[in-house]
Amino acid sequence: FADVKVLVLQRGLISASWSHKEWDQGLLKHARILALFMEYLTGVLGGLDPDMWRWVAYEDVCNAHLQGEHVAVAAALSAFLGLPAATLQRSFSHFRPSSKDAAAEMPGETLREIR
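Rendered as structure tokens:
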């Protein structure tokens, strides 16, 4: 048997939808598909041993990076995954948060429907 760890990187629906608005025949359909996947993942992960998985919000990683706390995030994830902390710390030091502002760029009517 293998020691399986699941790491789920989740991004807010508005930003995630806007990043690939051309997928799935358009923005609203893409948002609906992402929402369905999130519902599915939530159900599946809820049935797993909590020690097997972690849910990581992209926005939390961005905030940690902007506050200079990426080392702490990397340390927590490396401990969970059983990897050397230095490897993830080096990777996180090169991370750059998205500069897109989906809520400001998205048409208002579409934004209201996705919310």
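Quick note on our numbering: the sequence shown kicks off at 2 and runs consecutively.
We treat Cβ as the ideally placed atom computed from N, Cα and C, and that holds for glycine.
Distance check for residue 96 and residue 16, CA to CA, integer angstroms please. 17 Å
Sort out for me which residues DSSP pairs residue 55 with in a bridge. 8
Check whether the segment 85-96 touches the segment 39-59, taking contact to mean three or more Cβ pairs, one atom from each stretch, closer than 8 Å. no
For residue 74 and residue 46, which I take to be in contact (beta-carbon distance under 8 Å), what is that distance rounded to the nearest angstrom? Wrong, their Cβ atoms sit about 20 Å apart, outside the cutoff.
In terms of alpha-carbon separation, which member of 20, 12 and 61 lies closest to residue 106? 20
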